[in-house]
Structures are given as structure tokens and as C-alpha cells.
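Residue numbering for the sequence shown follows my numbering, starting at 127 and increasing by one per position.
All residues carry an ideal CB built from backbone N, CA and C; glycine is no exception.
Owing to the predicted nature of the structure, the values given are computational and were not obtained by experimental measurement.
Comments concern the structure below.
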Amino acid sequence: MKNSSKIVFEQERDFSDKINVTFNFVTANFKPLCLSLLYLTGPLVLIGGIFSGLVQIAALEVGGLAQGQSPEGTNPAEIFGEIIGKNTAYLLSANYFFALLFIFLATIMVSATVYAFFIEYQESEEPTNITVSMVWERVKGLFLPVLASILSVTIALLIIVLAFVLFISLISSGAGSGVGANLSIFLTGMLCFVTILYLGVIFILNTPIVAFEGLGTWEAFGRANHLIQQKWWSTFGLMVIFAIINYFLSLIFSAPSIIITFLKIFKVGAGGTGNLPIIISTIFATIGRVLISSLTYVALSFQYFNLVERRDGNSLKSQISDIGQKKTFENEDEEY
Numbered sequence: 127m128k129n130s131s132k133i134v135f136e137q138e139r140d141f142s143d144k145i146n147v148t149f150n151f152v153t154a155n156f157k158p159l160c161l162s163l164l165y166l167t168g169p170l171v172l173i174g175g176i177f178s179g180l181v182q183i184a185a186l187e188v189g190g191l192a193q194g195q196s197p198e199g200t201n202p203a204e205i206f207g208e209i210i211g212k213n214t215a216y217l218l219s220a221n222y223f224f225a226l227l228f229i230f231l232a233t234i235m236v237s238a239t240v241y242a243f244f245i246e247y248q249e250s251e252e253p254t255n256i257t258v259s260m261v262w263e264r265v266k267g268l269f270l271p272v273l274a275s276i277l278s279v280t281i282a283l284l285i286i287v288l289a290f291v292l293f294i295s296l297i298s299s300g301a302g303s304g305v306g307a308n309l310s311i312f313l314t315g316m317l318c319f320v321t322i323l324y325l326g327v328i329f330i331l332n333t334p335i336v337a338f339e340g341l342g343t344w345e346a347f348g349r350a351n352h353l354i355q356q357k358w359w360s361t362f363g364l365m366v367i368f369a370i371i372n373y374f375l376s377l378i379f380s381a382p383s384i385i386i387t388f389l390k391i392f393k394v395g396a397g398g399t400g401n402l403p404i405i406i407s408t409i410f411a412t413i414g415r416v417l418i419s420s421l422t423y424v425a426l427s428f429q430y431f432n433l434v435e436r437r438d439g440n441s442l443k444s445q446i447s448d449i450g451q452k453k454t455f456e457n458e459d460e461e462y
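So this is what it looks like as C-alpha cells:
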């Protein structure tokens, strides 16, 4: 017997309903969902946070900020060049690369964990009994497809951007620096921005489609393009709202890191005594940001199911089918 208190996924919802159901779902399943995220993404986030802390320390040392040193240059050009050179050095460091790598993998794991939790929730008779091991069994089958989908669409978007950049460079080199050339460059740049924005909103639906329907990346793009018709703006608006929510919630976790960084710069109190506080506070901030990002994937999942119901009406078809089956059973009972 199905649990009547379970949240129905495939249901048409207006904009405010999607926001409400996202927080209702997270609140109702906070313990199993939070434990799954902590256990499955925690190691990746921890490593990423450590490397991020090392990068933060290196950033503070640019221009001698951490030691109170002054740049060695004697004129503004030399000072600027010295600072830029040091910035480039730490941005191209191994610590920066590994920080990006592990945070990227942690982000993939967060999305795969949320989608796995949705699948387990939908198929479970009692969602409160969902365990980390149950979610992990599903994550193992979702991680690589989700990773492949995100990498594919990211590369596709980068290729489009590079194509526009090349086109703009050709315009600027061939048309000189007149008003017409500047206008052409501006319009091309705007076209690039609009194209990336439009395709990016469609691409963002790829991952839930890959996870819930098992389609390949480019099949998922066709499916996303089908689902999002006449609902592009609502999808875009929902993602903007949760980006804002994520930003302000992340500030709570980032506050200790920001405070310690300022203390380090001005050598005040414990902030100036060592690098360990920076690393710990950066790990805390990284864990917070990554875990809070799960809200976006929950909202995106409900948007996916909302679009599926609007376009395909699977829930309505199932209800009609159930009515037909009920009618048949009633007729069979009457025969006896």
C-alpha cells in the first residue's frame, strides 16, 4: 500500500508551488537527504576545501599581503606587473587545479545524489526508511552519465563561445575601429550572450532527463528542447531565484572565512597567527556552498516533473488507466 503522505512528483505546479514543494521536500526528508549528501559528497568536498584553503593562503601572499611586504617595483607599471605575475602564478598552481577538480566532482556527486534520492523516494513505500546505502547503490549508476552529460554540454557551450570570439576578432581585424565595426562587435557579443543563455537553460534540464529517463546526452537535449517549449522563462526564473537563495545562504557559511581573511590581512588577533584558521574556515565555507547547491537540483527535479506532466500527462494517463482497471475489477466481482 502506497504512503498517501508522499509528495507527488509528476504534477503540474505554478511558479510559487515549485518553490514551496522544494522546501517542503527538503524539510520532510532532511535527515536521510542530508546524511546522503554528507556521506557521499563529504570526502570530495573536504579535499576540495583543503586545496581551496591553500589557494586562499597563496592569494593573500600576492603582493606580500600576508607578511606586510611591499611590492619590489619602483613605478606603477612594475608594481602592477609584479602583482599580475604573482596572481597568475597561484591561479596556475597545482593547488588551484585540484581545488577546481574536487569541487567540480563534488558538485556532480551532489546532483547525482539528489537524483538518486528522488528515484529511491519515488519507488519506496516508506521514504523515511531511505538509507545512505540505498542512495549509494543508485548513485553508482548515475554518476558517470551525469558527469558525461555536464562535460558534454560544457564543452559544447565553450565551442560556441570560442566560435563567437573568433568571429568578433575577424570583424575587429577586418573592419577597423569605426562606429560600424564597434556596433557589429557589440551586436555579435549580445548574440553570443543570448545564445549561451538560451541554450544553457535548455542544457540544464539534461541532467535530470539523463538521470530519470536514462537517455544519452544528445537525446536528452532533444527531449529537453521538447519539454521546455513555452516554459523557458519559468525555468530560467526558477534557476535565478534559487541562485539568489543559494548565494545568501552561502554567505552564512562563508562569513567565518571572510572574517578570518580580513584578520589575516590586518594581522589582528588569531587571524594573524597562522594559516590553519584559513584552511578550516575555507573547508567550512566550501562544504556549505556545495551542500546548499542541492536546493537547486531539488527545484530542477520538480521543474522537470512539472514539464513532463504538462507535455506528456503521464500522471493523468495513469489515473485514467487506474479508473479503467477499477471498473473492470468491479464488473468481475459482479459476475460472481
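- Taken through DSSP and simplified to helix, strand or coil, Thr412 comes out as helix.
- Short of 7 angstroms from the beta carbon of Ser419, and not among the five residues preceding or following it, lie these beta carbons of its own chain, in chain order: Thr233, Val236 and Asn372.
- Ser162 is the residue among Pro169, Ser162 and Ile409 whose C-alpha sits nearest the C-alpha of Tyr247.
- With respect to the 8 angstroms criterion, Arg436 and Glu251 are not classified as neighbours on the basis of their beta carbons.
- Secondary structure within the segment 141-166: the alpha helix (DSSP H) runs of 4 or more consecutive residues, fully enclosed, are 141-154 (chain order).
- Per the C-alpha coordinates, the member of Ser219, Phe362 and Leu433 positioned closest to Val181 is Ser219.
- Following the DSSP letters along the chain, one finds Ser250 in no alpha helix (DSSP H), marked with neither H nor E.
- By the criterion of at least three beta-carbon pairs nearer than 8 angstroms, the segment 281-293 is in contact with the segment 315-329.
- For Pro158, the closest of Ser131, Phe141 and Val261 by C-alpha to C-alpha distance is Val261.
- Rounded to the nearest angstrom, the Cβ distance from Val434 to Glu249 is 17 angstroms, too far for a contact under 8 angstroms.
- Burial state of Phe151 is buried, judged by a 10 Å Cβ sphere holding 16 or more other Cβ atoms.
- Ranked by how close their Cα comes to the Cα of Gly174, the residues Leu317, Asn221, Lys132 and Phe228 have Phe228 in first place.
- With contacts defined as CB atoms closer than 8 angstroms, Thr343 and Ser278 qualify as a contacting pair.
- DSSP, read as helix, strand or coil, puts Glu263 in helix.
- Separation of the CB atoms of Leu172 and Ile409 is rounded to 6 angstroms, and the pair is thereby assigned contact status at 8 angstroms.
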